[in-house]
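Taking it in order: structure first as structure tokens, then the write-up.
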Amino acid sequence: MQVDIRNLSIAFPTATGLSHAVRNVSLTIGNEKLGIVGESGSGKSLTARSILRLLPRGARMTADKLSFDGIDILKADESAMRAIRGKRAGLILQDPKYSLNPVMTAGAQIAEAWRMHRKGGAREAHEGAMDLLAQVKINDPARVFGAYPHELSGGMGQRVMIAMMLAPDPELLIADEPTSALDATVQAEILRLLEDLVARRGMALILISHDLPLVSHFCDRVAVMYAGRIVEELGAGELAQAKHPYTRGLLECLPALSHPRPRLAVMKRDPAWAEGPPGAPLA
Amino acid sequence: MIEIKDLHVRFGAVHAVRGIGFGVPRGGSFGIVGESGSGKSTVLRALSGLNPDWTGTMKVAGQALTRNRGKDFFRRVQMVFQDPYGSLHPRQTVDRALAEPLIVHGMDDHEKRILRALAEVALPPATRFRFPHQLSGGQRQRVAIARALMAEPEVLLLDEPTSALDVSVQAEVLNLLADLQERRDLTYVLVSHNLAVVAHLCPMVGVMQGGEMVEQVSAADLRAGRTVHPHTTELRRLSTELEEA
Amino acid sequence: MSTTTSPQTWRDWLLTDTPASRAQAAWGGRYRLWRDFTANKLAMAGLAVIVAMALAALLAPLLAPYDPGVQDLTNRLARPSAAHWLGTDELGRDLYARILFGGRVTLGMVVAVVALVAPLGLAIGCIAGYYGGIADRLLMRVTDVFLAFPRLILALAFVAAIKPGITSAIFAIVLTAWPPYARLARAETLSLRGTDFIAAVRLTGAGSARIVLRHIIPLCLGSLVVRVTLDMSSIILTAASLGFLGMGAQPPSPEWGAMIATARRFILDQWWVPTIPGVAIFLISLAFNLLGDGLRDVLDPKQR
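Residue numbers (my numbering), protein chains in the order written: chain D, 1 to 283; chain Z, 1001 to 1245; chain C, 2001 to 2304.
Structure (structure tokens):
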């Protein structure tokens, strides 16, 4: 499985013309953990969602190439997209409160996802769901199976969400701020779980987050986005060697426990960051 | 300036805060850190007067607080909320939001005070007649801080004031809070889930878990790892782990 | 505030990003709302019809060629002609004049009803929603009692119990129309009560009266205005229905509903006699609905 993105641009029509949310983004994702980091409005979510063609209404997407395992996403019809979405590529969102059906038990939702993709009977689906709950390291799968989403804690809900996404054995998992609504202790557990699942299943993972230290700690590779553009790509553990002033700024403005700063550095945004390297065509 | 002893808060059968106590000197800052459901925000809401279902002793400037607070309490103590999108009236301009405390407390010279407040939180005068939806998240939080300062309080209660903001904006707001404290000799109580943010602003930190304050530790001891309670140690480990990338 | 002359600078003054005074900012805001509203052609058409009909009703003594009460029994049920633009009714009275004067009665009733219903519903709903507890339970049960009756039947019973006439018709409609407004205002208040921005106002030390009046009611007002305009047509229809049933305006007072009622036996032979007041009711109802839709688009905060 390989995702190829070349020169992706996403724009929204406004009263005064097109507003570009993503500009000339190129990325290749193989079987690895890729992090996309940026502040709100940087285009990080849109970039990842373009792979599933799950863009807000009115968005205009152009690219030289956008393919998922050789399938051209730009030209694929809806049925081809459905075969990718939720089947070969899953999406985990920030808050399980909103992405789980509140009137179905967690188990029923996982079982339904299992049946939709595996075409088995009710009993097999039940077993499959219990197995998935065990895989996301829930200690008491029987209790969680029968629980409604509002009876689950945030971390538990996110595990159920991950279990649902694992049902069809996806090759790619896109996690959009999967731990931002969770406590630090739970966040660490969920990330460890994702790491473990990715290693065991040989899945690719795209982790979208605003938290640069977290992502660089966890992913093999990090793309830093600013104003719709990738300003820097870093390997794991290369954070200290980051060159782009924006990446450096993101790190320096964080208060840190281990090395106190009497005053936090304030980022001075350079309009040139949004323009990209000289000579690059403005989308 | 602030003294709290044996504070309990109950919501029906839920015992959300179980007998906590702490003190903050005038011009000082106290941080409360904890995970969701630990009761940290509940303490702040009881102190601010938004939640009347408490028992125990709370004193501000030597005066014991009762269930119902008078206007002089609200001149002395103000609060900044977590979500700057929700804490500003959606149909009122910045000007109106800042004028409200002045009207309530019968203060004069609106024009001058509002312009000075905007300048103090580093907002351009052009934002004065904007609506909240025309401002960025950081600008809104500055408006919320300016509003809290209008009646010239001595105590500012900060409920996760930066957790809805991008990190670069968080830095600006934290710097602003530090400057304001110095300039006005404000007393802060800061609630946050982020240990680094709390330790940055507050020399003393209380760690809450399950409604109890399990440990009170100085920021210096916290940085150095001289913690006692396992929950504090765990939170510290999670926070520093990522810093050493 | 500086006075400017040309329309271009007026607009600049209104639309500036940096208003110099509170008044300028307020007028700029109003101008923007108006500009958004005028962009909606259908709503503007509705507004135009309403303004035209209201003007015609107000200026009826000037516009009407005849006295609406003068009978001419030699010229009964005449077709529209140069002398009688819309023809005459069963007593030979000029229909055009009666429509104009009837507009005064019908529209006047509507204005009176709205002026009473909106504040009443708003006050009850906001008090119930903000204070909660016993006040809420008491007020909402009363509301339920009124909601339990069919609107027209309750109005009829009320008018019949007092004495048929315009004033009692107005009170009857008010009595039946306020519960939905109270419910709407209560629902809005409930959702606003727990928000941080209301908590922030409480923390300034403001009393509950000030919070309700200055902070909660302005937010309920938008949806209430929309609801009122959309409800106008049904108020007009109730007024007309009461008139039709003889419980509203009494003859010889020209009220549109009563006009249809008395002329209904001519519907097959002299169809225009009952049809013309019907068209008037239809037009004004439609106009109010279009206006309401337009207002909802600009006023309703949920759409922003």
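C-beta: ideal position from N, C-alpha, C; glycine also.
Span of the beta strand (DSSP E) around residue i
i                       : result
residue 1159 of chain Z : 1155-1159
residue 91 of chain D   : 89-92
residue 243 of chain D  : Looking at the DSSP string, residue 243 of chain D is not in any beta strand (DSSP E), and its letter there is neither H nor E.
residue 13 of chain D   : 3-14
residue 2140 of chain C : No beta strand (DSSP E) contains residue 2140 of chain C, which is instead part of the alpha helix (DSSP H) from 2133-2148.
residue 1190 of chain Z : 1187-1192
Contacts that residue i makes with chain Z (C-beta to C-beta distance below 7 Å)
i                       : result
residue 2215 of chain C : 1089
residue 2195 of chain C : 1086
residue 234 of chain D  : Those within 7 Å of residue 234 of chain D in chain Z number zero; the least Cβ separation is about 10 Å.
Chain Z contact residues for residue i, given Cβ-Cβ distances below 9 Å
i                       : result
residue 2205 of chain C : 1069, 1070, 1071, 1072, 1073, 1074, 1075, 1101, 1104, 1105, 1151
residue 2219 of chain C : 1089, 1090, 1091
residue 2199 of chain C : 1045, 1048, 1050, 1079, 1081, 1087
residue 210 of chain D  : 1166, 1167
Chain-ordered neighbours of residue i on chain D, where CB pairs are closer than 7 Å
i                       : result
residue 1236 of chain Z : 257
residue 1195 of chain Z : 257
residue 1174 of chain Z : 255, 264
Separation of residue j from residue i, as counted between CA atoms
i                       : j                       : result
residue 244 of chain D  : residue 22 of chain D   : 19 Å
residue 1243 of chain Z : residue 264 of chain D  : 15 Å
residue 198 of chain D  : residue 1 of chain D    : 14 Å
residue 133 of chain D  : residue 144 of chain D  : 8 Å
residue 1117 of chain Z : residue 52 of chain D   : 47 Å
residue 1061 of chain Z : residue 1002 of chain Z : 6 Å
residue 2304 of chain C : residue 2222 of chain C : Legend: pLDDT at residue 2304 of chain C = 44, less than 50; position of this residue unreliable, no value from coordinates given.
residue 2207 of chain C : residue 2175 of chain C : 31 Å
residue 45 of chain D   : residue 228 of chain D  : 10 Å
residue 1229 of chain Z : residue 1021 of chain Z : 17 Å
residue 2254 of chain C : residue 2267 of chain C : 18 Å
residue 1136 of chain Z : residue 2283 of chain C : 46 Å
residue 283 of chain D  : residue 211 of chain D  : Below a pLDDT of 50, predicted positions are generally treated as unreliable, and residue 283 of chain D, at 40, falls in that range; the measurement from the model is reported next regardless. Answer to the nearest angstrom: the Cα atoms are 28 Å apart.
residue 1142 of chain Z : residue 1121 of chain Z : 6 Å
residue 281 of chain D  : residue 2191 of chain C : In this predicted model, residue 281 of chain D has a pLDDT of only 46, less than 50, meaning its place in the structure is not dependable; the value taken from the coordinates is given anyway. Distance between the alpha carbons of residue 281 of chain D and residue 2191 of chain C: 49 Å.
residue 258 of chain D  : residue 221 of chain D  : 25 Å
Start-to-end residues for the alpha helix (DSSP H) that takes in residue i
i                       : result
residue 185 of chain D  : 184-201
residue 209 of chain D  : Unbroken run through residue 209 of chain D is the beta strand (DSSP E), 204-209; no alpha helix (DSSP H).
residue 1170 of chain Z : 1167-1184
residue 19 of chain D   : Run containing residue 19 of chain D: none in the alpha helix (DSSP H); it sits in the beta strand (DSSP E), 17-29.
residue 81 of chain D   : 78-84
residue 130 of chain D  : 122-135
residue 2151 of chain C : 2151-2161
residue 258 of chain D  : Residue 258 of chain D -> no alpha helix (DSSP H), and no H or E assigned at all.
residue 2071 of chain C : Here residue 2071 of chain C belongs to no alpha helix (DSSP H), and DSSP marks it neither H nor E.
residue 2168 of chain C : 2166-2193
Given residue i as reference, the closest of the options once Cα atoms are compared
i                       : options                        : result
residue 1240 of chain Z : D:271, D:188, D:204            : D:188
residue 232 of chain D  : D:37, D:20, D:32               : D:37
residue 1149 of chain Z : Z:1036, Z:1101, Z:1048         : Z:1101
residue 31 of chain D   : D:3, D:212, D:14               : D:3
residue 1083 of chain Z : Z:1015, Z:1022, Z:1166         : Z:1166
residue 1171 of chain Z : D:70, D:7, D:251, D:259        : D:251
residue 2292 of chain C : C:2009, C:2043, C:2028         : C:2043
residue 184 of chain D  : Z:1005, Z:1235, Z:1168         : Z:1235
residue 2248 of chain C : C:2121, C:2224, C:2036, C:2156 : C:2156
residue 1048 of chain Z : C:2257, C:2204, C:2225         : C:2204
residue 204 of chain D  : D:85, D:5, D:25, D:33          : D:33
residue 2099 of chain C : C:2297, C:2294, C:2275         : C:2275
Where residue i meets chain C, residues with beta-carbon distance less than 7 Å
i                       : result
residue 1048 of chain Z : 2203
residue 1011 of chain Z : Going along chain C, no residue has its Cβ under 7 Å from residue 1011 of chain Z, so there is no contact; the nearest lies around 14 Å.
Chain-ordered neighbours of residue i on chain Z, where CB pairs are closer than 8 Å
i                       : result
residue 265 of chain D  : 1171
residue 185 of chain D  : 1035, 1234, 1235, 1238
residue 2017 of chain C : 1126
residue 249 of chain D  : 1168
Within chain A, partners of residue i - CB distance below 9 Å
i                       : result
residue 1147 of chain Z : Protein chains D, Z and C are contained in the structure displayed, whereas chain A is not.
Pairs of beta-carbons, one from the stretch 159-173 of chain D and one from the stretch 84-95 of chain D, closer than 8 Å: are there three or more? In short, these stretches touch, since the Cβ pair count reaches three.
At a cut of 8 Å, does the stretch 1030-1043 of chain Z reach the stretch 1184-1204 of chain Z through at least three beta carbon pairs? They touch, by the three-pair rule.
Is there contact between the stretch 1138-1156 of chain Z and the stretch 1185-1194 of chain Z, where contact requires at least three CB pairs shorter than 8 Å? Output reads yes: the stretch 1185-1194 of chain Z touches the stretch 1138-1156 of chain Z.
Per the contact definition of three or more C-beta pairs closer than 8 Å, is the stretch 2038-2057 of chain C in contact with the stretch 2278-2290 of chain C? Taking 8 Å as the limit for Cβ pairs, the verdict is that the stretch 2038-2057 of chain C does touch the stretch 2278-2290 of chain C.
The stretch 2111-2128 of chain C contacting the stretch 2082-2091 of chain C, beta-carbon criterion three pairs below 8 Å: Between the stretch 2111-2128 of chain C and the stretch 2082-2091 of chain C, the count of Cβ pairs shorter than 8 Å is below three; the stretches do not touch.
Would the stretch 2185-2204 of chain C and the stretch 1081-1095 of chain Z be scored as touching if the rule is three or more Cβ pairs under 8 Å? Put simply, the stretch 2185-2204 of chain C touches the stretch 1081-1095 of chain Z. At least three CB pairs are less than 8 Å apart.
Quick one: any contact between the stretch 2234-2251 of chain C and the stretch 2096-2112 of chain C, if contact means 3 or more CB pairs under 8 Å? Verdict: yes, contact present.
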